[in-house]
Amino acid sequence: MTRIFPVGVGLLFLAACGLIPGFGGPKVTGGFQGDWQEVASGLRLALVGLTSEGQLDYSNPLEIKDPSLLRGYWMELPPVAAEGSYQVVAYRDEDNNGRFSGGDTVLGDTCSRYLLYANGSGDKLYWVGTLRLLRVRHGWNGYDAAQEGEPYQAALYTGFDLYRQGQCP
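Per our numbering, the sequence shown starts with residue 6, numbered consecutively.
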């Protein structure tokens, strides 16, 4: 009985953190591509979207100390967002407010990879490098504009690599 309790608490903790499939919201992962060595500190990540309400962001409060050492990231997506197209961006927090804002320097993004949030299913217009009519399902959808495939849903969106500004493949 005493061994079951710590295991149960551990599983609840992992589920709350979203580390067990089927629990928590969708996640996005990727690597840092290109030369990030000059970015020694102050790098943060944000999910930045273009919506009918303008530019919105969901900033990750964690600072990445050395992306060349870490080589990857993991971010949980918000359970609900404004309908629109989003990209993960790496930025330098110039004003030290812990959030992405107008004065911050964007160091890289996911290039042609987008996360689309839909308030309902159907054909909707999204900005994915150009304006495109895409068939989406309610919630988060992944989309690669370079492949021009169909949007897809997943619990874990992988391959959303961050490339330095101007170094997209």
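C-beta atoms are modelled at their ideal positions from N, C-alpha and C, and glycine is treated no differently.
This structure is a prediction, so every number in the text was calculated from the model and none was measured.
Are the stretch 45 to 64 and the stretch 95 to 106 in contact at 8 Å, needing three or more beta carbon pairs? Using a Cβ-Cβ distance cut-off of 8 Å, the stretch 45 to 64 and the stretch 95 to 106 are in contact, since at least three pairs of beta carbons, one from each stretch, lie closer than that value.
- Which residues mark the beginning and the end of the beta strand (DSSP E) in which residue 93 is found? Residue 93 -> beta strand (DSSP E) spans 89 to 97.
Worksheet item: Tell me the DSSP bridge mates of residue 132?
Response: Per DSSP, 136.
### Query
In the DSSP assignment, what residue or residues form a beta bridge with residue 59?
In DSSP, residue 59 forms a bridge with 56.
Original post:
Who are residue 179's beta bridge partners in DSSP?
Top reply: Residue 179 lies beyond the residue range present for the chain, which begins at 6 and ends at 174; the question has no answer from this structure.
Would you kindly work out how many angstroms separate the C-alpha atoms of residue 92 and residue 42, rounded to a whole number?
Here the C-alpha atom of residue 92 lies approximately 22 Å from the C-alpha atom of residue 42.
### Message
I'd like to know if the stretch 111 to 125 and the stretch 133 to 143 are in contact, where contact means that at least 3 CB-CB pairs between them fall below 8 Å.
### Response
Taking 8 Å as the limit for Cβ pairs, the verdict is that the stretch 133 to 143 does touch the stretch 111 to 125.
Cβ of residue 37 within 8 Å of Cβ of residue 77?
Yes.
- Item | Rounded C-alpha distance that separates residue 158 from residue 165 | The straight-line gap separating the alpha-carbon atoms of residue 158 and residue 165 is approximately 14 Å.
Please return the same chain residues whose Cβ sits closer than 7 Å to the Cβ of residue 112, not counting the five positions on each side in sequence.
Within the same chain, 44, 48, 95, 96, 97, 169, 170 come within 7 Å of residue 112 by CB-CB distance, once the 5 residues on both sides are set aside.
Q: Sort out for me which residues DSSP pairs residue 114 with in a bridge.
A: Note: residue 114 sits in a beta bridge opposite 94, 168.
Check: Can you tell me whether DSSP reads residue 126 as helix, strand or coil?
Finding: Here DSSP, grouped into helix, strand and coil, assigns residue 126 to coil.
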